[in-house]
Amino acid sequence: MSVKTLADAPGVSDPPEEPRPRSTFGALRRAPHTGLLAVLIVVVVATALRTDSFATTTNLINVLRQVSVTAVIAAGLTLLMTAGGMDFSMGSNVSVTTAVGAQLLSHGHSTAFTVIASVLLATVIGLVNGLVVTFTNVAPFVATLATATLLDGVALLVQGGLSVSIGTRMFSLGNDKVLGVPYLLIVAVLVLLATALVMRFTVFGRDAFAIGGNEHVARLSGIDVTARKLTLYAVTGALSGLAGVMLLSRLGASSPGTGGLTLQLTAVAAVVIGGTSLAGGHGTVVGTALGVLLLGVVANALNLVQVSSYFQQVSVGGVLLVAAIANELHKARSARH
Amino acid sequence: MTALSAVVRVRGVTKSFGGAAALKGVDLDLYPGEVHALMGMNGAGKSTLVQILSGAHQPDGGTIQVNGATYCGLTVRRARRLGIASVPQRRELAMGLTVAENVMLGDLPTRRGTVHWKAVDSEARKALSGLGIDIDVERTARSLTVAEQTMVEVAREVRRGGRILILDEPTACLSAEAAHQIRDLVRTLRDEGVAVVYISHYIDEVMAVADRLTVLRDGEVVRSTPAGDLDPAGLVRSMVGRDVVSRRVERPAPKDDIGLAVRGLSDGRTIRDFTVEVRKGEIVAVLGPAGDAQSHLFDLLSGRRRPDLGTVHVDGAPVPLGRVRASLASGLRCVSGDRRALGLVPELSLDENLMLADDRFARRRVHRRGALTRRAAPLRRSYGVVSLVGNPPVSALSGGNQQKVLLAKWLQTEPVACFLEDPTNGVDIAAMADIHTLVDDLASRGTAVLLASSSAEEVMRLADRVVVVSAGRAVAEHDITAITHDELVATALGGQPQ
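Going line by line, the protein sequences match chains A and B. Going by full-length UniProt numbering, the residue at position 188 of the first sequence is 188; the numbering climbs one at a time, nothing skipped. Going by full-length UniProt numbering, the residue at position 76 of the second sequence is 76; the numbering climbs one at a time, nothing skipped.
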């Protein structure tokens with residue numbers, strides 16, 4: 001007989017395992033964002049133990065102020081990516097907005113006019129992206145990468161290669177606090193909250209999910225996909241404009257290289273870390289917010305423990321890779337259950 | 001045949017997903033040179049069993065014995081090494097590559113480190129002709145028909161040393177002739193000594209091709225006998241657990257006014273001068289080989305594609321062609337036969353999919369889950385959509401339930417006219433009967449129903465009139481009472497007016 005019986009192999013003689021009652025731990029593990037939250041807590045605790053300066057109010061407020069700009073961009077990107085779109089030009093849009101804003105202010109225009117003009121300009125840029133994507137069938141990735149490069153150049157042209165200071169105008173938006181909370185953070189939280197509400201409670205938000213999930217079905221179901229996409233790209237543009245104004249007010253000046261692809265990639269990284277699908281159809285603002293925080297905290301921690309700034313890029317890349325892998329594992333596990 | 005020993009013995013295999021048992025101690029013997037049909041309703045456990053055999057899932061308990069060696073579970077790699085190959089329902093060819101490359105994929109013959117293209121073609125040709133398949137190996141996979149794709153996949157698996165071949169619904173969505181070719185191929189495989197596991201929803205086909213039948217129900221084997229021991233009725237009874245009859249019912253006579261009129265519709269070479277008029281309350285079927293004119297009607301009527309020529313009138317009013325929203329506004333509802341690509345959004349929940357169209361028509365702006373559930377509940381009831389837990393993503397439902405969601409999504413909007421494309425595509429017998437009843441009800445409520453189908457049985461069951469199409473043209477039109485099933489099949493196959 002050539003038949004081998006593996007008597008000691010598990011599962012041969014044992015009765016089939018009873019379905020385990022859901023333990024709190026198991027439920028916790030399956031809950032969305034648990035992994036991300038755990039990583040965030042580990043990083044925070046580890047840094048707080050290593051350095052005294054991390055867990056101070058000043059430092060934490062500073063971190064939150066710094067991530068606010070990224071958060072606003074990432075919020076818009078979450079909505080857009082959920083609908084299956086992509087905008088690589090948001091960071092460059094920020095560059096243009098800060099450059100134009102700084103020039104307007106330094107030429108003596110009023111702050112209100114500058115803000116409105118900057119946001120409008122950014123909205124138009126977003127809308128142009130949308131028009132290209134919807135009416136030419138060029139992949140959003142390619143189209144917006146092209147406009148990103150183009151806008152980076154435009155920003156340099158507007159600056160004339162020089163740093164443009166805005167003096168103390170808009171200083172309070174960038175630096176003041178109300179009840180100890182920076183204005184910038186308040187704006188960012190409001191934007192994140194609004195995006196979350198739109199995605200959860202409005203038909204517009206659900207349309208984004210439907211379009212990202214299956215554009216053909218969305219169109220056949222009577223959703224005006226073209227109009228929706230144009231709106232989405234315009235919204236991401238407007239949010240870039242808002243982010244630009246926020247950045248300008250925080251820095252007090254616009255210099256060549258403000259914003260741009262670095263900012264863009266941080267925002268994309270935050271959205272992807274947060275579990276939003278690059279293919280569309282799935283996305284959460286909570287995840288994005290956690291992703292933004294994680295990246296901000298990691299950068300700050302590396303600064304405080306005085307790691308060479310070269311390692312900071314390495315770490316952001318590393319965090320992104322680990323988070324992306326963790327998301328896929330989580331997805332695979334929830335698909336099995 | 002039984003003198004040979006089984007190549008695969010499955011013993012007491014159990015598997016559950018998240019507490020729900022999919023297989024409860026299943027035994028299965030596969031013999032070389034035998035076609036073993038695996039029958040069962042959607043959700044009976046066929047796919048799980050097949051996935052365990054091909055190594056995609058590990059069983060929770062039980063053993064699989066292959067060629068005398070016992071395993072507690074297979075990995076995809078090990079299954080392949082043991083000669084177990086499966087051809088899934090969705091064809092998995094590299095569409096941009098040639099047939100030859102696809103057949104030889106993963107094992108391209110090389111000479112001095114570069115691909116030896118002549119050998120690729122000749123080896124592939126040999127592999128195909130060995131199974132009596134006549135396909136030019138230099139064509140790209142994209143240019144193949146679905147049946148040809150299946151054949152190429154089978155040839156690839158056999159060439160790789162597949163001795164146990166699992167075919168998952170190889171004839172779904174195929175014309176009668178193409179299905180016939182596939183069945184011939186299956187017989188060739190059997191004669192070559194391959195153990196074939198054959199999954200199909202078509203009872204007649206299974207009775208014609210299978211040597212042995214195993215019927216699964218709710219994760220258990222209810223029958224496992226030589227095919228000759230069961231008649232179709234008995235087979236259905238053991239699959240469903242009760243008698244299922246989907247028989248023509250008397251509907252109220254159609255009204256006199258025309259609900260849907262299509263005149264002179266032409267689009268390239270796919271549809272030429274197609275004309276049909278459907279009265280309110282009438283069901284008119286368009287029957288043709290899969291991929292013929294009836295399969296292009298969806299794109300044209302739904303507004304996804306603008307035809308070259310032709311007009312469409314709904315309830316007497318002309319419908320602008322080539323615009324989805326205009327088509328919807330006219331009161332025409334088009335239900336795709338391809339629910340994966342054109343019917344449902346897999347990421348969204350069951351209820352959201354149910355209400356996807358209706359909520360847009362109602363111009364709702366706010367989305368609240370509680371309210372959505374309340375609106376969806378009566379629909380779930382009246383269309384018989386069953387889900388095990390609350391409101392899962394629609395992709396988690398069985399094929400039959402997904403199809404009911406798709407129908408409910410469109411039919412609840414009380415259409416004036418309705419175009420249904422293969423409404424029972426890939427659903428089991430019980431769901432099929434339910435869906436037929438739903439379509440009957442729809443017509444009884446006074447909707448003009450145009451039905452595109454490639455199944456003569458379905459046409460005989462539902463339609464009042466049938467238009468037979470072939471090569472893009474209507475070749476015959478009959479009252480259903482004036483034609484028998486066999487005549488209809490003959491017309492559809494021959495493509496000539498009788």
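Note that beta-carbon positions come from the ideal geometry of N, C-alpha and C, so glycine has one too.
Euclidean distance between Cα positions of residue i and residue j
i, j, result
"T484(B)", "K126(B)", "43 Å"
"L36(A)", "V322(A)", "10 Å"
"I271(B)", "T447(B)", "25 Å"
"P182(A)", "V189(A)", "11 Å"
"R339(B)", "Q402(B)", "8 Å"
"Q498(B)", "A476(B)", "Here the model assigns Q498(B) a pLDDT of 32, short of 50, so the residue's position is not dependable and the matter cannot be decided."
"H116(B)", "L216(B)", "47 Å"
"L23(B)", "L53(B)", "13 Å"
"L329(A)", "A75(A)", "24 Å"
"D231(B)", "G331(B)", "45 Å"
"Y198(B)", "L167(B)", "5 Å"
"V217(A)", "R250(A)", "44 Å"
"F209(A)", "V76(B)", "34 Å"
"L348(B)", "N391(B)", "10 Å"
"T424(B)", "G400(B)", "8 Å"
"L407(B)", "V335(B)", "7 Å"
"D136(B)", "H33(A)", "52 Å"
"Y233(A)", "I325(A)", "28 Å"
"E487(B)", "L287(B)", "13 Å"
Any C-beta of chain A under 7 Å from that of residue i
i, result
"V394(B)", "no"
"L328(B)", "yes"
"Q496(B)", "In this prediction, Q496(B) scores a pLDDT of 40, lower than 50, which makes its location untrustworthy; no coordinate-derived value is stated."
"S200(B)", "no"
"S47(B)", "no"
"residue 500(B)", "Any property of residue 500(B) remains undetermined from this structure, which presents chain B solely from 1 to 498."
"M1(B)", "The predicted position of M1(B) is uncertain, since its pLDDT is 43 and thus under 50; a value taken from the coordinates is nonetheless stated next. Output row for M1(B): interface = no."
Within chain A, partners of residue i - CB distance below 7 Å
i, result
"F361(B)", "G222"
"G343(B)", "V217"
"E347(B)", "F209, G213, G281, H282"
"R305(B)", "Going along chain A, no residue has its Cβ under 7 Å from R305(B), so there is no contact; the nearest lies around 12 Å."
"S302(B)", "L220"
"E352(B)", "R206"
Amino acids of chain B, ordered along the chain, whose beta-carbon sits closer than 9 Å to that of residue i
i, result
"G205(A)", "H367"
Listed by chain order, chain A residues near residue i by CB distance under 8 Å
i, result
"R364(B)", "V203"
"R325(B)", "G222, D224"
For residue j and residue i, believed in contact at Cβ under 8 Å, the rounded distance
i, j, result
"Q159(A)", "S254(A)", "7 Å"
"V96(A)", "I125(A)", "7 Å"
"A178(B)", "A147(B)", "4 Å"
"V154(B)", "L165(B)", "7 Å"
"L438(B)", "L411(B)", "7 Å"
"I211(A)", "V198(A)", "With a Cβ gap of about 14 Å, I211(A) and V198(A) do not count as contacting."
Neighbouring residues, chain A, relative to residue i (Cβ below 9 Å)
i, result
"L356(B)", "R206, A210, V217, A218, S221, G222, I223"
Residue-level contact to chain B via CB, residue i, 7 Å cutoff
i, result
"R22(A)", "Bear in mind that a pLDDT of 46 at R22(A), under 50, signals an unreliable position, so the number given afterwards is only what the model happens to contain. By this cut-off, R22(A) is not an interface position."
"A9(A)", "Note that A9(A) scores a pLDDT of 35, beneath 50, so its modelled location is shaky; the value from the coordinates is reported in the next line. Chain B contact via Cβ: present."
"V322(A)", "no"
Residues that residue i bridges to, as DSSP identifies them
i, result
"F17(B)", "A20(B)"
"I61(A)", "I61(A) pairs with nothing; no bridge assigned."
"Q65(B)", "R9(B), T70(B)"
"K177(A)", "P182(A)"
"F274(B)", "L265(B)"
"M39(B)", "V215(B)"
Near the ligand COA: residue i beta-carbon under 6 Å from a heavy atom
i, result
"V335(B)", "The model depicted lacks the ligand COA and carries no ligand whatsoever."
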